[in-house]
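S.K.: Dumping the structure here so I can ask a few things about it.
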Amino acid sequence: MERLVNLDPQLLHDTILLAIAVFVLFTLMSYLLFNPVRKMLEDRKERIKNDIDSAAADKKDAAETKAQYEARLQNVEKEAEAILAEARQKAMKNEARIVEEAREEAARIIQRANEEAALEKKRVLDEMKQEMISIASLMAGKVVSASIDTTIQNTLVDETLKEIGESTWQS
């Protein structure tokens, strides 16, 4: 009779040798292949973890840097506003100074014009007085004729002017 599974000593021997060969092969493969692959996977896992930690630290640093730049930007805006306010104040001071200088210059011009007008009035009055003297001399000369000399003539003119009064011929 034949059996389905022949458990003869040769089969048992081959089976045990095969099991030992598989075990040795597995141990050898584990030592030569699986351990380096495991080590490589662990190193890769550690590198990825470090990269993630580094990325998180970089993100945190970037957020801090962004906050610092935003604070600086606000400070720059405040500084710009302060500079503009200072420039406005300087412009207002310059405007006030220029207006004051213009007023002073206008006052000087008006004063000078008044002084010139007064001098011109005095000059015109002197010219008018000389003109009146010459007219009075001519009239006296025609009236008195050639018998009166110049000293008597000047005396007569002065007396006439005194009699008329300075207010009369100046108006």
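To convert, take the position in the sequence shown, counting from 1, and add 143; that gives the working numbering.
Glycine included, each C-beta is placed from N, C-alpha and C at the ideal position.
1. Could you spell out where the alpha helix (DSSP H) holding aspartate 157 opens and where it closes?
2. Identify, in the order they occur along the chain, each residue of the same chain with its Cβ nearer than 8 Å to the Cβ of leucine 105, setting aside the five sequence neighbours on each side.
3. Quick check: the Cα distance between threonine 298 and valine 267, rounded to an integer number of angstroms?
4. From tyrosine 212 to asparagine 218, what distance separates their C-alpha atoms?
5. Here's a check: name, in chain order, each residue in its chain whose Cβ is nearer than 7 Å to the Cβ of methionine 144, leaving out the five neighbours to either side.
6. Compute the Euclidean distance between the alpha carbons of isoleucine 276 and valine 300, then round it to the nearest angstrom.
7. Would you give the residue range spanned by the alpha helix (DSSP H) that aspartate 301 belongs to?
8. At what residue ranges does the segment 206–244 contain a whole run of the alpha helix (DSSP H), taking only runs of 4 or more?
9. Under 7 Å: does the beta carbon of leucine 161 sit that close to some heavy atom of the ligand SAH?
M.R.: Straight from the coordinates:
1. 152–172
2. The structure shown does not extend to residue 105, since the chain spans only 144 to 314, so no value can be given for it.
3. Cα to Cα, the separation comes out at about 24 Å.
4. Near 9 Å, if we compare the C-alpha coordinates of asparagine 218 and tyrosine 212.
5. Unreliable positioning characterises methionine 144 in this predicted model, as indicated by a pLDDT of 48, which lies under 50. The coordinate reading is nonetheless provided below. Answer for methionine 144: no residue qualifies.
6. Going from the Cα of isoleucine 276 to the Cα of valine 300 covers about 7 Å.
7. 293–307
8. none
9. Although the ligand SAH was asked about, the structure shown includes no ligands whatsoever.
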